[in-house]
Amino acid sequence: MAVNNEEWLFMKVSWKKIIRIFGIKEMDGMKTSRLFHGVALLAIGVLASCSQDEVVGGKEGRLSVPLVFTAGTPSTRTQLVNGTQVYWTKGDAISVMDEDMGKNYRFSTGGSGMLVTFEGEAPAVETYYAVYPYTEKAFYIPYYQTLSALALSADQQAVDGTFATGLNMSWATAKSSDMVFQFHNITALVKFSLSGKLLPGIETITLTGNRGEALAYGEFEWSLKDDALGARTASPSSTITLHAPEGGFKTDVNYYFTIVPGVDVFQKGLVVTCNDKDGHALMTKSSDKAIEVKSGKILNIGSIEVNGEPEDGYEVVDGTWWVYNAKGLKAWAEQANEGKTYLDVRLVNDIDLTGVEWEPVGNIDNPYLGTFDGNGKTITGLKLNSSVHYVGFFGALAKGSEVKGLTFKNAEAMATDDASYCGILAGSCCGSVTGVNLDGAKVGGYAIGGLIGSLGYGSTNGGTLEDARITGKLELDGRVGQEKSDKTAGGAVGSAVYYSTRIRNVTVEADFTFTGASEHTFERVGLLVGYMHLSDVENCHVVLVNDVQVNTCNLGGIVGEMEQVCGITASSISAKQNWADLASLFADEVYHTVGGVVGKCRYNNTVSGCYVAGVRLVSNSGRYNTMAGIVADLDEMGTVNSCYFNGMISKKENSLENRLGAIVSKKTNPATFIECYWYSPTAGLKDTYDGNEAEISEASPEYWVNYAENMNNELAKLNVGKAYEYVENTLGNKENVPLVIRKKVVEE
1 MAVNNEEWLF MKVSWKKIIR IFGIKEMDGM KTSRLFHGVA LLAIGVLASC
51 SQDEVVGGKE GRLSVPLVFT AGTPSTRTQL VNGTQVYWTK GDAISVMDED
101 MGKNYRFSTG GSGMLVTFEG EAPAVETYYA VYPYTEKAFY IPYYQTLSAL
151 ALSADQQAVD GTFATGLNMS WATAKSSDMV FQFHNITALV KFSLSGKLLP
201 GIETITLTGN RGEALAYGEF EWSLKDDALG ARTASPSSTI TLHAPEGGFK
251 TDVNYYFTIV PGVDVFQKGL VVTCNDKDGH ALMTKSSDKA IEVKSGKILN
301 IGSIEVNGEP EDGYEVVDGT WWVYNAKGLK AWAEQANEGK TYLDVRLVND
351 IDLTGVEWEP VGNIDNPYLG TFDGNGKTIT GLKLNSSVHY VGFFGALAKG
401 SEVKGLTFKN AEAMATDDAS YCGILAGSCC GSVTGVNLDG AKVGGYAIGG
451 LIGSLGYGST NGGTLEDARI TGKLELDGRV GQEKSDKTAG GAVGSAVYYS
501 TRIRNVTVEA DFTFTGASEH TFERVGLLVG YMHLSDVENC HVVLVNDVQV
551 NTCNLGGIVG EMEQVCGITA SSISAKQNWA DLASLFADEV YHTVGGVVGK
601 CRYNNTVSGC YVAGVRLVSN SGRYNTMAGI VADLDEMGTV NSCYFNGMIS
651 KKENSLENRL GAIVSKKTNP ATFIECYWYS PTAGLKDTYD GNEAEISEAS
701 PEYWVNYAEN MNNELAKLNV GKAYEYVENT LGNKENVPLV IRKKVVEE
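When we follow full-length UniProt numbering, the leftmost residue of the sequence shown carries the number 1, and every step to the right adds one.
What follows is the structure, encoded as structure tokens:
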């Protein structure tokens, strides 16, 4: 049907009647009747002439006999012709049922076109019920006059000019007296066409309602009495995904979504989104107005142009800024910094900020409140310098804010003068950060992190960082910012503070460089988190691609220093290839604390299910060295549970005092150790500096699998530990990394 793109019409009852509504184009009528006619006498004759030899199976009184139905009228079926006519296709099959609940008989056709015959076997009864397509589990419930256990897939295949076989569902009844089926459509169609220069890149197109309503079901009922969706449904899907046909979507060809029209469908409008092969949105079309959708009707939303970038670099879709380029991103940032910190964002393309002057979005007094959806895109070339506290792409993220699906590449953020808390993503974060990655960066100042300067703020505002990856060259610079001796640096987070702050599923595999003066550059450094207070780390892993050397007096492979009810669970540091150094290079007169997992650990903290493997811990101090494979300095009721160390410890020769331990060095009683193991070529090493502990064992390399079983038994006693287990390493470098920890595989 030809449609004027500017009319935005909607066909309501029949295709001849047109009324205007809400910016949606037209709804075409699909005729709702199909008659099994012209062969009624033949069908009756077949029934009458069946001999006992023709009876197949069945219980006494309900013998199955061969039957032939003829399906006519070109109005509804499996292949759309001329826009609204639907023909049968060879191989189509229907379910034929009767009032014996639970019975379902398959009938199929060998023909195509307007008029075909269906053949199958079913009992000779008074009334038949049919469903297209054939659905094995479907059955009829006489008391409720309902067809049950129907299904419509939300995962659909696009076909040029029509829809895939089996999607356009319908039902019918027939009396044995005339053997005529009158079919009625169950589903409705949403029709559209495509154009634009980005058309070849479209892999999938999705349809959703603005209320998140169900459009398809893994199982549903259809009331024949009301000709409407029944009360019982299961496995609802709020998104229909249409996959590109072979050869891709074509210009000016009609395509169709098939949906189950429930009573609330599209009451707040709809959204259609075109996606590339990686699932990234290329273009969207939407309406926020109520749209009436009925069985047997075609809703035409017209042509969707996929051309790329609007003139201003952004467009606002249902209140969200869809940002296409640096110009659009800059426009959003200016609006946010003028007070509209609630503006939501979705990136449509990768964005290059090289040479663009950037001011952090939000500050600690007026933080960003919205949702920033990176949509899997990359921001390249961010560079900013600020002498104001809290420096990053965002100055501060508020409680309730969300940032997701974003990568920063070749970025730089520097907190100059007296500014503190700096990270590429945010200076301060009390919101949720998920799937945000970093590929190459330089960060400078006091309290700095690769991604976030301070995760959490104040006494009640915690933040979360999950599913992040830090790679490429990462330089953490302590020469700028406040001239203090208590600077903090972390590969992902500078400081993680206060209740509800969580860091989960983060991997740091960066090539580290730490720059600064020869003395007092950093007070504490962790390759994941510099400092933790009332916070937790879970399932985080540091992989050393090269030796790491840093001027600090508190160094931890995962956390530099943590205090007061913190926990690290199921985390590790290991060398990517053979051995790698984790080295503290401070001047001779300074105390050095170097731990494989944690440098300094104070006031009732727990380290569980963690390991250090293939790492050589090194101190350059000529005076005092406190060094250990897991925790260097364990103070005030600390616990180390189910951890192992398979590495080396190296101190400067002739240093004045050395406190070395395989698991823990310095400890203050009461300290608790549970099922820990170690193996090291370092001469004279003991379980702890003070001696051996009953629950710490020197390992024999051939028994690592046995040790894994023992540690797993202890982890199973912990709430968070129940989800993890040690398994034998099968990915290489097994000599240095004999065991890895992973989430348990749940067998179905």
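From the three backbone atoms N, C-alpha and C, an ideal C-beta is built for every residue, glycine too.
Everything numeric in this text was worked out from a predicted model, so none of it was measured.
Among the options, which has the Cα closest to the Cα of residue i?
i, options, result
"residue 115", "136, 156, 181", "181"
"residue 682", "615, 104, 405", "615"
"residue 281", "498, 375, 213", "375"
"residue 500", "456, 324, 257, 419", "456"
"residue 516", "246, 477, 535, 487", "477"
"residue 292", "111, 642, 261", "261"
"residue 393", "565, 744, 336", "336"
"residue 675", "642, 386, 397", "642"
"residue 429", "494, 487, 442, 111", "494"
"residue 191", "591, 285, 112", "285"
"residue 425", "417, 416, 448, 419", "448"
"residue 606", "662, 579, 533", "533"
"residue 445", "385, 434, 467", "385"
"residue 419", "432, 410, 439, 453", "453"
"residue 644", "511, 720, 295, 695", "695"
"residue 743", "731, 716, 732", "716"
"residue 334", "362, 592, 700, 208", "362"
"residue 294", "713, 503, 170, 159", "170"
"residue 350", "380, 475, 732", "380"
"residue 725", "741, 718, 136, 714", "741"
"residue 423", "389, 546, 259", "389"
Hey, residue i and residue j: beta-carbon distance below 9 Å or not?
i, j, result
"residue 369", "residue 189", "no"
"residue 582", "residue 560", "no"
"residue 120", "residue 139", "no"
"residue 290", "residue 341", "no"
"residue 316", "residue 274", "no"
"residue 550", "residue 584", "yes"
"residue 650", "residue 619", "yes"
"residue 147", "residue 222", "yes"
"residue 131", "residue 95", "yes"
"residue 321", "residue 353", "no"
"residue 680", "residue 658", "no"
"residue 270", "residue 237", "no"
"residue 509", "residue 469", "yes"
"residue 434", "residue 404", "yes"
"residue 413", "residue 442", "yes"
"residue 407", "residue 382", "no"
"residue 529", "residue 467", "no"
"residue 220", "residue 229", "yes"
"residue 324", "residue 308", "yes"
Could you check where the beta strand (DSSP E) with residue i kicks off and where it finishes?
i, result
"residue 221", "216–223"
"residue 603", "Counting along the chain, residue 603 falls outside any beta strand (DSSP E), and DSSP gives it neither H nor E."
"residue 475", "464–477"
"residue 88", "That residue, residue 88, is in no beta strand (DSSP E); it is neither H nor E in DSSP."
"residue 379", "371–380"
"residue 139", "139–141"
"residue 258", "255–259"
"residue 562", "559–563"
"residue 354", "That residue, residue 354, is in no beta strand (DSSP E); it is neither H nor E in DSSP."
"residue 759", "No answer is possible for residue 759: it lies beyond the span of the chain, which begins at 1 and ends at 748."
"residue 385", "383–386"
"residue 157", "155–159"
"residue 551", "No beta strand (DSSP E) contains residue 551, which DSSP labels as neither H nor E."
Tell me which residue opens and which closes the alpha helix (DSSP H) that residue i is part of.
i, result
"residue 708", "704–715"
Residue i CB to nearest chain D CB: under 9 Å?
i, result
"residue 561", "Among the chains in the structure shown there is no chain D, since it carries only a single protein chain."
> In chain order, which alpha helix (DSSP H) runs of at least 4 residues are fully inside the region 269–351?
Replying inline: For the alpha helix (DSSP H) assignment, the uninterrupted runs of no fewer than 4 residues enclosed by the region 269–351 are, from N- to C-terminal side, 326–337.
> Where are the beta strand (DSSP E) runs, 3 residues long or more, that stay fully inside the region 488–532, in chain order?
Replying inline: The region 488–532 is shown to contain whole beta strand (DSSP E) runs of 3 or more residues at 488–490, 493–515, 524–526, in chain order.
> Counting Cβ pairs, one atom from each stretch, are 3 or more of them under 8 Å apart for the region 628–639 and the region 597–616?
Replying inline: Verdict: yes, contact present.
>> Can you confirm whether the region 131–148 touches the region 90–101 when touching is taken to mean that 3 or more C-beta pairs between the two stretches lie within less than 8 Å?
In response: Segments in contact, yes.
>> Runs of 3 residues minimum, wholly inside the region 388–423: which ones carry the beta strand (DSSP E) assignment?
In response: Along the region 388–423, the beta strand (DSSP E) occurs as fully enclosed runs of 3 or more residues at 394–397, 402–415, 420–423, listed in sequence order.
>> I want to know whether the region 682–693 touches the region 529–549 - three or more CB-CB distances under 8 Å.
In response: Because the criterion of three Cβ pairs below 8 Å is not met, the region 682–693 and the region 529–549 do not touch.
>> Three or more C-beta pairs under 8 Å: does that hold for the region 567–581 against the region 720–740?
In response: Contact between the region 567–581 and the region 720–740 is established, with three or more Cβ pairs separated by less than 8 Å.
> Hey, which unbroken runs of the alpha helix (DSSP H) at 4 residues or more fall wholly within the region 167–237?
Replying inline: Note on the region 167–237: there is no whole alpha helix (DSSP H) run with a minimum of 4 residues.
> Are the region 223–235 and the region 187–206 in contact at 8 Å, needing three or more beta carbon pairs?
Replying inline: These segments do not touch.
> Residue ranges of each alpha helix (DSSP H) run of no fewer than 4 residues wholly in the region 607–686, ordered along the chain?
Replying inline: None, since the region 607–686 contains no complete alpha helix (DSSP H) of that length.
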